[in-house]
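Numbering (this note's numbering), first residue to last: 1180 to 1811.
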């Protein structure tokens, strides 16, 4: 038990250390492979949660196939785009986001017209960040609030004529290896230049307040927005394409829209043209237009409906990564059984349910970090325990087999299931049979230790086989003899019959066994059997470290003395009349030999006479029934 306690304590400490190590690396952002798995798990939880209603104050104006067809080209001519911005501005929106890169001069020479339309409206136009190798980098300097921002190589900015007319925001989103937009970077750095994202610029314009950067959060118009490392905002998608209200730009340009449907709305202008390439896979849709990703990000910023994944949630993840493996290891050590397995499953299932419920309520707890922390300790400790248990089982099986050999056959198994068996002495009826070899002491002196042991071993094996076959137990081997009981561990109706049958078969087999030895040995050996039926006192005798099952009482003494009666009169077995009557007086049962009795004889050490039956395997002319025999 002390060894198992030390093993469990060591496993708990190692599991805790493993969880701490993973938690530290996780907080430092050095477990990129887990982030890739976590992205897939986030999609699963998003689908489980299902779509949810988007805010009604964000509208997408889509430059779709109909718009491009009516304009005669794509990208739209700058003059058409200017008319579109002017029409939207006429309806008094809170802000206009132009999700189009205006990097070059328009072919129609209408750039100035577009610039005037932008200048006269609450518009934000798109810029793009270019990253070395196409991968966003995060600075390791943590002394500055802006140091962990994505580090760009350079910015692709709109033409000066447009930059001077409208606010500019970077339109990039952070995607995972599958291309799914996972985070919205709120700020970008390129050298000494800092740029805000397009959604943040639009949200700030619509709110009428400048954002305030704080550690692990952003304050906008009195609302606190929790952010992840590098001021990343998790993008929480509302549903498939078209979930956010979308109208065609062609409808606005044709003047067919109802009066001022965009008043006080945030309007996002972007392309949904087939083959335009600005699409992303999301949990709900394999091809969500980029303009809807931008609109989703703006909606997340302006409402409390976004996901929360910040320093606090990551600390909670790290804490779970330490506690969960230790709990699972403790449960494995507590019960390596169906109950223990059920407890482990219940803990893991409870954590999974908590994780999914938290995600559905906007709190993004890691699903992969606790699994990565718990799986190796649980598997290694479970495998080690299985190996140790297998060794213990093998050792216990060996000990049990040895116990079965040392104890009476069947009694060891009974004791294993009935630990209180004979803890107190019990009186019950039983049949007692004794068998003993005659002349063995002299033979053992002549044979020596080795041959003597072989002879005794073969005799004991013979007795054990026959007694077991008849359903009795060898209570003890006493040198060249044995004490046999029928009635333990539980008495049975046929105990006397089984004992009588056992005595006769022992006589037959012992005679054959003796005949197999050389004449110089077999001629000097004989055997005798005594059997009696009556009340015995069964008990466990011995000390604190060793006990054995035995039977005492007058029945045992009489059975032992009946061997002398058998030997004195040349019979194979002497049994009491009580034994004979208990068998049901079934005469054919003894037909294989010569049966005499009942006869009266004295028993040494016992007052009064006893009715005895004598049985021998060799047929002979029977003596008159009831003849008195001289005392042994």
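Ideal placement from N, C-alpha and C gives every residue a C-beta, glycine not left out.
Span separating the alpha-carbon of residue i from that of residue j
i            : j            : result
residue 1392 : residue 1398 : 7 Å
residue 1785 : residue 1620 : 27 Å
residue 1328 : residue 1218 : 21 Å
residue 1459 : residue 1452 : 14 Å
residue 1705 : residue 1679 : 20 Å
residue 1634 : residue 1685 : 16 Å
residue 1362 : residue 1517 : 43 Å
residue 1337 : residue 1212 : 36 Å
residue 1310 : residue 1182 : 57 Å
residue 1263 : residue 1432 : 6 Å
residue 1410 : residue 1542 : 17 Å
residue 1441 : residue 1425 : 11 Å
residue 1847 : residue 1268 : Residue numbering for the chain in the displayed model covers 1180 to 1811; residue 1847 lies beyond these limits and cannot be assessed.
residue 1203 : residue 1193 : 15 Å
residue 1665 : residue 1558 : 51 Å
residue 1437 : residue 1270 : 11 Å
residue 1396 : residue 1566 : 50 Å
residue 1223 : residue 1281 : 37 Å
residue 1669 : residue 1651 : 11 Å
residue 1550 : residue 1529 : 13 Å
residue 1526 : residue 1400 : 42 Å
residue 1316 : residue 1353 : Here residue 1316 scores only 45 on pLDDT, less than 50, and its place in the model should not be relied on; the value that follows carries that caveat. Cα to Cα, residue 1316 sits roughly 11 Å from residue 1353.
residue 1359 : residue 1341 : 30 Å
residue 1335 : residue 1378 : 17 Å
residue 1284 : residue 1254 : 12 Å
residue 1266 : residue 1386 : 22 Å
residue 1653 : residue 1771 : 25 Å
Assumed close pair residue i, residue j - CB separation to whole angstroms, cut-off 8 Å
i            : j            : result
residue 1205 : residue 1493 : 7 Å
residue 1248 : residue 1287 : 17 Å between Cβ atoms; not a contact.
residue 1369 : residue 1333 : 5 Å
residue 1611 : residue 1738 : 4 Å
residue 1215 : residue 1538 : Not a contact, Cβ separation roughly 18 Å.
residue 1444 : residue 1233 : The pair is not a contact, with the Cβ atoms about 12 Å apart (cut-off 8 Å).
residue 1383 : residue 1349 : Wrong, their Cβ atoms sit about 14 Å apart, outside the cutoff.
residue 1447 : residue 1473 : 6 Å
residue 1622 : residue 1700 : 6 Å
Proximal residues to residue i (C-beta, below 6 Å), its chain only, five neighbours per side dropped
i            : result
residue 1716 : 1604, 1606, 1731, 1732
residue 1321 : In this predicted model, residue 1321 has a pLDDT of only 38, less than 50, meaning its place in the structure is not dependable enough to derive any value.
residue 1226 : 1462
residue 1429 : 1245, 1246, 1249
residue 1712 : 1610, 1675, 1757, 1758, 1761
residue 1208 : 1408
residue 1637 : none
Status (buried if at least 16 other CB within 10 Å, exposed otherwise) for residue i
i            : result
residue 1672 : exposed
residue 1470 : buried
residue 1252 : exposed
residue 1645 : buried
residue 1728 : buried
residue 1536 : exposed
residue 1339 : exposed
residue 1532 : exposed
residue 1563 : exposed
residue 1776 : buried
Proximal residues to residue i (C-beta, below 8 Å), its chain only, five neighbours per side dropped
i            : result
residue 1581 : With a pLDDT of 48 at residue 1581, under the threshold of 50, the modelled position of that residue is not reliable, and the figure given next carries that caveat. Taken in chain order, the list of residues that qualify is empty.
residue 1373 : 1325, 1328, 1366, 1367
residue 1230 : 1417, 1418, 1419, 1422, 1463
residue 1523 : 1507, 1510, 1511, 1557
residue 1402 : 1483
residue 1560 : 1190, 1194, 1508, 1511, 1512
residue 1736 : 1784, 1785
residue 1404 : 1396, 1397, 1398, 1412, 1480, 1485
residue 1318 : Note that residue 1318 has pLDDT 42, beneath the 50 cutoff, so the model's placement of it is unreliable and the number below is only indicative. Counting only Cβ-Cβ distances below 8 Å, and skipping sequence neighbours, we find 1326, 1327, 1328, 1330, 1368.
Spatial neighbours of residue i in its chain, beta-carbon cut-off 7 Å, leaving aside the 5 residues before and after
i            : result
residue 1519 : 1510, 1511, 1513
residue 1656 : 1639
residue 1289 : 1256, 1257, 1258, 1261
residue 1584 : Annotation note: pLDDT 49 at residue 1584 (below 50); position unreliable, coordinate value reported separately. Nothing meets the Cβ criterion.
residue 1547 : 1213, 1216, 1217, 1220
residue 1187 : 1512
task = Kindly confirm or deny that the region 1344-1353 and the region 1291-1301 touch, where touching means at least three C-beta pairs closer than 8 Å.
result = Touching, yes, given that three or more Cβ pairs across the two stretches are closer than 8 Å.
key: Any 3 or more C-beta pairs closer than 8 Å across the region 1221-1237 and the region 1461-1480   = Result yes; three or more Cβ-Cβ pairs closer than 8 Å.
task = Could you tell me whether the region 1266-1281 touches the region 1299-1309, using the rule of 3 or more Cβ pairs below 8 Å?
result = Contact between the region 1266-1281 and the region 1299-1309 is present, because at least three Cβ pairs lie under 8 Å.
task = Evaluate contact between the region 1193-1209 and the region 1491-1506, counting only Cβ atoms and requiring at least three cross-stretch pairs below 8 Å.
result = Yes: at least three Cβ pairs fall under 8 Å.
ask   = For the region 1697-1711 against the region 1751-1762, are there 3 or more C-beta pairs whose distance is under 8 Å?
value = Contact check between the region 1697-1711 and the region 1751-1762: three or more CB pairs, one atom from each, fall below 8 Å, which counts as touching.
request  = Evaluate the contact criterion for the region 1787-1795 versus the region 1736-1750: three or more CB pairs, one atom per stretch, below 8 Å.
outcome  = The region 1736-1750 and the region 1787-1795 touch, with three or more beta-carbon pairs separated by less than 8 Å.
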